[in-house]
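Protein chains in written order, with full-length UniProt numbering: chain A, 1 to 163; chain B, 1 to 163.
Inspection log for the structure reproduced underneath, given as structure tokens.
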DNA sequence: GATAATGATTACAGATCTGAACGATTGTCA
DNA sequence: TGACAATCGTTCAGATCTGTAATCATTATC
């Protein structure tokens, strides 16, 4: 039952899981190329998006969402602060935590990021008719929900863990 | 035109490009966890698949397909050879190149890998009815073709390049 | 008011990546 | 034939990246 020529041929192209992984890596790379023109990495772009969705989060929460250890988040946020994109503000209620927010310059860049993301979306889905495009989004959201992925948060800014 | 509450809300969950990237990372991580039980990394699993699809390729070709520099491919192949999964054979016509092939042990492991991949596919697409599952595969293949991705080859075993 | 817990940060050691070089072999061309 | 360039596999050193654990300030517990 392992040599059916008909059953095995789809395996050469992979099922949905393989295609998602393959396309995901491809799409992520293209996005990285695009945002590089704004001097941003995908993780930096992700932070901008996260800060506008829910401002005032602590660094630990943000690091958790981005899938990076807090120790790595510090120099990561440093760079964005030095560029004037984000602001660290001490929380008056708990002076241990920093509340991170976007600066005006950060919001400006986020707007340009939106333009880039829109162009990227269209370039990726060129092959699809508008109704198919919506169909795909629907299917992907159903999977994302069932897999309990946080909407709008991309935890993939880490290397694949083997354990 | 940038503050339509209706138009902006889907952006919070992301379009198809974001979902593909998010789900791709998630699915790739789950696959990594699964194949780890076979003492394999995703890249190693990919090499096994590639060798059965088209045996006798040179290391340089394989490295190219996997998206890693030849210098990194060498220790990568070393490990698999030491485990007796692949074989390096000098090409009689061109003694510079090695032709890599699967050993019996490698093919055996590849069979177990197929079982793992099948279970993974079902787990990923739990949320979808059988016809939706096929629909999704169809849409993803159309995109993959249009984006000129090599069928069955996952070039994402590299870090995201910023340039 | 002493002790434990938490957030941010730093220090450090280990893994990992990259690009340039090297030896061996083959193609090219006078 | 013989010099020269190109290719394949490989190695190596420098740079980069990554996670763990220790440190400091602040807050919760009791």
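Even for Gly, the Cβ is constructed at its ideal location relative to N, Cα and C.
Item                                                                                                                                                                                                : Value
Pull out every residue of the segment 56-89 of chain A whose Cβ sits closer than 7 Å to any Cβ of chain B, in chain order.                                                                          : none
Could you name the residues of the same chain whose beta carbon sits closer than 6 Å to that of residue 75 of chain B, not counting the 5 residues immediately before and after it, in chain order? : none
Quick one: grab the DSSP three-state call for residue 132 of chain A.                                                                                                                               : helix
So what does DSSP say about residue 142 of chain B, is it helix, strand or coil?                                                                                                                    : helix
Taking Cβ to Cβ, would you say residue 19 of chain A is nearer than 7 Å to residue 27 of chain B?                                                                                                   : no
Short of 8 Å Cβ to Cβ, which residues in the segment 94-114 of chain B face chain A?                                                                                                                : 111, 114
How should residue 22 of chain B be labelled, buried or exposed, when 16 other C-beta atoms within 10 angstroms of its C-beta is the threshold for buried?                                          : buried
Could you check if residue 141 of chain B is buried or exposed, using at least 16 other CB atoms within 10 Å of its CB as the buried criterion?                                                     : buried
What are the boundary residues of the alpha helix (DSSP H) that residue 183 of chain A is part of?                                                                                                  : Examination of residue 183 of chain A is not possible in this model, given that chain A is present from 1 through 163 alone.
Is the shortest distance between the beta-carbon of residue 134 of chain B and the beta-carbons of chain A less than 7 Å?                                                                           : no
For residue 84 of chain B, is the classification buried or exposed, using 16 other Cβ atoms within 10 angstroms of its Cβ as the cut-off for buried?                                                : exposed
Taking 7 Å as the threshold (C-beta atoms), are residue 154 of chain A and residue 15 of chain A in contact?                                                                                        : no
For residue 13 of chain B and chain A, any beta-carbon pair shorter than 7 Å?                                                                                                                       : yes
Decide if residue 56 of chain B is buried, meaning its Cβ has at least 16 other Cβ atoms within 10 Å, or exposed.                                                                                   : exposed
Using a Cβ-Cβ cut-off of 8 Å (strictly less than) and excluding sequence neighbours within five positions of residue 49 of chain A, which residues of its own chain qualify?                        : 110, 113, 152
Can you round the beta-carbon distance between residue 102 of chain B and residue 52 of chain B to whole angstroms, since I take them to be within the 8 Å contact cut?                             : 6 Å
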